[in-house]
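Trainee: My structure is below; once you've seen it, I'll send some questions.
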Amino acid sequence: MSSRAVRHPVFARFFDRLSHLMEREAGERRDELLAGLSGRVVEVGAGNGINFGHYPPSVTELVAIEPEPYLRAKAEDARRRTSIPVRVRDGIAADLPLEDGSCHGAVASLMLCTVPDVEAALAELRRVLKPGGELRFMEHVCSDRPRKARLQGWLDRSGVWPFLGGGCHCGRDTVAAIKAAGFEIEQLTRFTLGSDWMATNPHVCGRARAAAPIADDR
2 MSSRAVRHPV FARFFDRLSH LMEREAGERR DELLAGLSGR VVEVGAGNGI NFGHYPPSVT
62 ELVAIEPEPY LRAKAEDARR RTSIPVRVRD GIAADLPLED GSCHGAVASL MLCTVPDVEA
122 ALAELRRVLK PGGELRFMEH VCSDRPRKAR LQGWLDRSGV WPFLGGGCHC GRDTVAAIKA
182 AGFEIEQLTR FTLGSDWMAT NPHVCGRARA AAPIADDR
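Take 2 as the starting number for the sequence shown in the numbering used here and just add one per residue.
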């Protein structure tokens with residue numbers, strides 16, 4: 002599905018610059034996020050393609066979904082410099098242009114904070130994964146410190162943060178949302194990028210698989 006409504010030209014340029022400035026600190030986390038992936042992988046909200054160079058050679062095809070035109074053009078540039086096969090496509094997380102069970106892995110990197118419907122996005126990721134396929138995620142999440150969590154919630158509710166950040170919400174409990182979508186968390190690391198006082202901390206990096214259906218004993 003095309004996503005002509007997703008346009009954040011000012012934020013997209015800011016994000017493009019910031020992601021490269023943060024690469025020295027974030028690069029190791031990207032390596033951790035993507036290590037061991039293989040086969041066909043979909044990355045949703047691929048942005049400017051900053052992750053492309055961190056994918057292992059065992060990935061035989063990467064389908065990179067990005068709805069924002071400026072960032073999608075940057076992702077096309079990154080694709081040309083990447084050794085693995087990459088297809089950059091327009092689309093939104095809630096309606097992926099992929100067949101059921103067509104991917105060995107799925108990646109959500111700093112994008113579940115921006116989607117209007119987290120539940121729908123995670124349902125789509127689960128839909129396109131093969132049985133046993135793995136979801137990799139790296140996201141900033143709500144703080145476990147009450148005072149900071151209240152600040153994050155206020156920033157989200159006020160509309161100020163989403164307006165400035167291209168739809169970003171800094172107070173989402175993304176790990177809980179992943180579990181609620183039927184995934185089982187297999188690995189989870191919490192960490193800080195930049196200064197701890199920033200509204201976009203803490204971060205998490207993790208791995209999850211779709212929970213096996215409950216057997217019917219009848």
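Ideal Cβ positions, reconstructed from N, Cα and C, are used throughout, including at glycine. Being a predicted model, the structure only gives us computed values, none of them experimental.
Using DSSP with H/G/I as helix, E/B as strand and the rest coil, what is H204?
Mentor: Looking up residue 204 in the sequence shown gives position 203. DSSP places H204 within a strand segment (E or B) once states are collapsed to three.
Trainee: If we count the other Cβ atoms within 10 Å of its Cβ and call it buried at 16 or more, is F164 buried or exposed?
Mentor: The residue you call residue 164 lines up with position 163 of the sequence shown. Per the 10 Å Cβ criterion, exposed.
Trainee: Are the beta-carbon atoms of A76 and V89 separated by less than 8 Å?
Mentor: For the purposes of this step, residue 76 is taken as the residue at position 75 of the sequence shown. For the purposes of this step, residue 89 is taken as the residue at position 88 of the sequence shown. A contact, by the Cβ cut-off of 8 Å.
Trainee: Give me, in chain order, the residues of the same chain whose beta-carbon lies closer than 6 Å to that of A13; leave out the 5 immediate sequence neighbours on both sides.
Mentor: Locating residue 13 in the sequence shown gives position 12, where the first residue counts as 1. Result list for A13: E69, Y71, L72, in chain order.
Trainee: R148: which of R82, G166, G172, L34 sits nearest, CA to CA?
Mentor: The count along the sequence shown starts at 1 and reaches residue 148 at position 147. The option with the nearest alpha carbon to R148 is G172.
Trainee: Following the continuous alpha helix (DSSP H) through F53, name the residue where it begins and the one where it ends.
Mentor: Position 52 of the sequence shown, counted from the first residue, corresponds to residue 53. F53 -> no alpha helix (DSSP H), and no H or E assigned at all.
Trainee: Can you check whether the CB of A121 is closer than 8 Å to the CB of V87?
Mentor: As a working mapping, residue 87 is identified with position 86 in the sequence shown. As a working mapping, residue 121 is identified with position 120 in the sequence shown. In this structure, V87 lies away from A121, with their beta-carbon atoms at least 8 Å apart.
Trainee: Using the beta-carbon count (16 or more within 10 Å), is H21 buried or exposed?
Mentor: If you number the sequence shown from 1, residue 21 lands on position 20. It is exposed - the Cβ of H21 has fewer than 16 other Cβ atoms within 10 Å.
Trainee: Among all the DSSP beta bridges, which residues are the ones paired with T190?
Mentor: Mapped onto the sequence shown, residue 190 falls at position 189. DSSP, once it has assigned bridges, lists C206 as partnering T190.
Trainee: Would you say the stretch 167 to 185 touches the stretch 200 to 215, given that touching needs at least three Cβ pairs under 8 Å?
Mentor: yes
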